[in-house]
């Protein structure tokens, strides 16, 4: 536990001081992109990694958030801060409308439903050219000072990403986290202890919609120009793969996954040429070698090298203690 | 979240052990979990045919019978997984007709499973704490925002679960991942999780399955302790010696019909029970 918080502190310090030691503007841009993706992936992680609902359509929500921001903050001249809130709110509502019919479907069909929505959003953007610019796209305004510089904007996105991380961490370590994992691993148990399975799924899904909307807004501003091609379906799979590679039921793992999968192809030129092949290969390697995810890779290696022997101790109830434990008021 | 309604003064039920099934439902009224004239059909198969039984607070009620006699069906009806084809289920006077499984937890009906259903990825402590879900007042938004009350409530439920784990004899394994538990440990963890509901009634589905003789002794101790705490225990079990030893009342089913209900001695000596189930 202590090692983890120390590592977290180091990562936090590195992230916070990045503008002072980054080699060039491009690295800063890349870091902001990772943070923007993480706003979405962090929220999606509760849906996929914790609740086990395989949504592969979040690029649709990202697009809705991005276009909402671009239209409101651009032609409509709404203050960007309000436009971000509107993006989050609208995508939360969108998540609710999407989740209501689809979250009752069993896994595979739910995934198909979310994929269909992602495709429909793309078509909708193309078809409504006078609102969205169609295939030509839209210019996206940047944020006002002090967020108009690359460093200022980076801090804004980093702050939002930290907020999302904190929120999901609050969920993961409390009763809600246990309830969500119960829905993922054993719905019958979840029901038996009183978890309202559908409503819990819906709440988490709406939260992931809000984060996707906010992510869309800052992502659009970071890109400064968006077209339907910005929101290809592969991006949705990319989000999903970041979580799977990072490991289910973890926050740090998917965060590492997001950083690696976003940064490596950009920083290592030969990997960029491989494109989707790189993602596919990495996914294959992780799923086959460390299905627990890269977040636990050191744990897994340590356990393989030095397997911990568990001593078999016969259960011996302490009935007096049980009696005392049962004497609590209902 | 105690929504079980009125705990009205009990029209007591002491001393009517001998009453036949139909009249029994009338006397157990107010503080018991009652299945009244339950029939359950699956397509053409009648799993339960006009069976009545009750589970009172502070008793151990055994439910025995050959395979396919409807024991687990009854347990699934009482815990809300099935809806009866006809008849009603009442808990403390409240009719539970269509109350979902989730609501039973809030009403105070806990259960365990024939095959332990644990969350292998979580620690033993987290598994047991999950049983306290219906006592957690933390909403999703409050949890997201990390409100202090959420942390306080969570710590209290963890502490309660830890006490229960020490009580059932899993103190040594509290931080172990649940998928590393041995069979008996899994069974006892299921019971601890059920008790974390702070139930009025707990339904145990073959808890002695796969346990060694000494582990069964421990299980008996647990069951008596739970009963003495005022909780009603339904024991669905094949292990008849064990049932006759720990139960206050026993109901015997055969192909969906009740063939005998009474004290362990009465049931054990009943010629019909011996013929259909116990053997000579």
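Protein chains in written order, with our numbering: chain A, 1 to 330; chain B, 331 to 610. All C-beta atoms in this analysis are idealised placements derived from N, C-alpha and C, irrespective of residue type, glycine included.
**Study point:** Cβ separation of residue 519 of chain B and residue 454 of chain B, assumed to be a contact under 8 Å, to the nearest whole Å
**Key:** Yes, residue 519 of chain B and residue 454 of chain B are in contact; Cβ-Cβ is about 6 Å, under 8 Å.
Check your understanding: How would you write the range of the alpha helix (DSSP H) that residue 184 of chain A sits in, first residue to last?
Key -> Note, residue 184 of chain A: alpha helix (DSSP H), 175–185.
Exercise for review: Evaluate residue 225 of chain A with the Cβ neighbour count: other Cβ atoms within 10 Å of its Cβ, from every protein chain shown; 16 or more gives buried, anything less gives exposed.
Suggested key: Residue 225 of chain A should be labelled exposed.
Check your understanding: Can you check whether the CB of residue 553 of chain B is closer than 8 Å to the CB of residue 563 of chain B?
Key -> Cβ distance < 8 Å, so residue 563 of chain B and residue 553 of chain B count as in contact.
Check your understanding: Got a sec? Which residues, its chain only, sit under 6 Å from residue 396 of chain B by beta carbon, not counting five neighbours each side?
Key -> Taking C-beta separations shorter than 6 Å and ignoring five residues to either side along the sequence, the partners of residue 396 of chain B in its chain run 607, following chain order.
Practice item. Over the uninterrupted beta strand (DSSP E) stretch that includes residue 453 of chain B, give me the two end residues. Key: It is not in any beta strand (DSSP E) - residue 453 of chain B carries neither H nor E in the DSSP assignment.
Review point. Straight-line CA distance for residue 516 of chain B to residue 506 of chain B?
Key: Here the alpha carbon of residue 516 of chain B sits roughly 12 Å from the alpha carbon of residue 506 of chain B.
Check your understanding: Going by the CB atoms, is the gap between residue 31 of chain A and residue 431 of chain B shorter than 8 Å?
Key -> No, the Cβ-Cβ distance between residue 431 of chain B and residue 31 of chain A is not below 8 Å.
**Study point:** Bridge partners - residue 439 of chain B, DSSP secondary structure assignment
**Key:** Beta-bridge pairing links residue 439 of chain B to B:531.
Practice item. Tell me whether residue 98 of chain A is buried or exposed, calling it buried when 16 or more other Cβ atoms sit within 10 Å of its Cβ. Key: Here residue 98 of chain A is buried: its Cβ has 16 or more other Cβ atoms, across all protein chains shown, within 10 Å.
Point to revise | Identity of the residues DSSP links to residue 425 of chain B by a beta bridge | key: Residue pairing by DSSP places residue 425 of chain B opposite B:420 in a beta bridge.
Practice item. Consider the Cβ of residue 316 of chain A: report whether some Cβ of chain B lies at a distance smaller than 8 Å. Key: Answer yes: the Cβ-Cβ gap between residue 316 of chain A and chain B drops below 8 Å somewhere.
Practice item. Decide if residue 513 of chain B is buried, meaning its Cβ has at least 16 other Cβ atoms within 10 Å, or exposed. Key: With fewer than 16 Cβ atoms within 10 Å of its Cβ, residue 513 of chain B is classed as exposed.
Point to revise | Proximal chain A residues relative to residue 555 of chain B, where beta-carbon distance stays under 7 Å | key: By Cβ distance, chain A contributes 319, 322 and 323.
Exercise for review: Please name the residue or residues paired with residue 592 of chain B in a DSSP beta bridge.
Suggested key: According to DSSP, which records beta bridges pairwise, residue 592 of chain B is partnered with B:580.
Exercise for review: Please classify residue 320 of chain A: does DSSP put it in a helix, a strand, or coil?
Suggested key: Residue state, collapsed to three classes: helix.
Practice item. Return no unless some Cβ of chain A is closer than 8 Å to the Cβ of residue 426 of chain B. Key: It does not: the Cβ of residue 426 of chain B has no partner Cβ on chain A nearer than 8 Å.
Review point. Going along the chain, which residues of its own chain have a beta-carbon closer than 6 Å to the beta-carbon of residue 165 of chain A, five neighbours each way excluded?
Key: Closer than 6 Å at the Cβ level, and outside the excluded window around residue 165 of chain A, lie 42.
Point to revise | Contacts that residue 281 of chain B makes with chain A (C-beta to C-beta distance below 8 Å) | key: Coverage of chain B is limited to positions 331 through 610, which leaves residue 281 of chain B absent and any answer about it impossible.
Review point. Straight-line CA distance for residue 326 of chain A to residue 472 of chain B?
Key: So the alpha carbons of these two residues sit roughly 29 Å apart.
Review point. At what residues does the alpha helix (DSSP H) containing residue 256 of chain A begin and finish?
Key: For residue 256 of chain A, the uninterrupted alpha helix (DSSP H) segment begins and ends at 252–267.
Practice item. Output the boundary residues of the alpha helix (DSSP H) element that contains residue 241 of chain A. Key: Run containing residue 241 of chain A: 233–246, per the alpha helix (DSSP H) assignment.
Review point. Who are the Cβ neighbours of residue 401 of chain B in its own chain at under 8 Å, not counting the five residues just before and after it?
Key: Around residue 401 of chain B, the same chain offers 393, 394, 395, 566 and 583 as residues with beta carbons nearer than 8 Å, after the five sequence neighbours per side are excluded.
Point to revise | Chain-ordered residues of the region 176–187 of chain A with a beta carbon less than 7 Å from chain B | key: Within the region 176–187 of chain A, 176, 178, 179, 181, 182, 185 and 186 place their CB atoms closer than 7 Å to a CB of chain B, listed in sequence order.
Check your understanding: Going by the beta-carbon positions, is the gap between residue 408 of chain B and residue 439 of chain B smaller than 8 Å?
Key -> Annotated as proximal: residue 408 of chain B and residue 439 of chain B, with beta-carbon spacing under 8 Å.
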